[in-house]
Amino acid sequence: MDLASAQVIGAGIAAIGIGVAASGVGNVFASFLEGALRNPSAADGQQGRLFIGFAAAELLGLIAFAVAMMILYAPPAATPAEAVAVEAPAVEAPAAEEAPVAEAAE
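If you number the sequence shown the way numbering that gives the first Met the number 0 does, the last residue is 105 and the count never jumps.
Right under this line is the structure:
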């Protein structure tokens, strides 16, 4: 499998989160409407919680979208073949230099 097809598959898998977030938003509003129709007087007090739940579910969808776009369009740091081929340079210990010995004058 080449890098381009792996990116497309990865972005598709990451995009599943967008559909899950849409399902969550639908569930939040469905629950609110069900509760509001059962008890209309309590609907005004629950509206703030409705928007908090909506924002949380929508944030997860936006994060999933951002991850999918990063997988799809971000340039790879290195291909797997390049990553294996790059080796760290060997560090050699510096050669011990001999200190000049002062010759004794005879």
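Yeah, the Cβ is synthetic: ideal placement off N, Cα and C, and Gly gets one too.
| Item | Value |
| --- | --- |
| Where does M68 fall in DSSP's three states? | helix |
| G47: buried (16+ other C-beta within 10 angstroms of its C-beta) or exposed? | exposed |
| Tell me whether A56 is buried or exposed, calling it buried when 16 or more other Cβ atoms sit within 10 Å of its Cβ. | buried |
| Please state the DSSP three-state secondary structure of D1. | coil |
| CB-CB under 7 Å to A63, same chain, minus the five flanking residues each way: which ones, in chain order? | A13, A14, G16, I17, A20 |
| For P39, name the three-state secondary structure that DSSP assigns. | helix |
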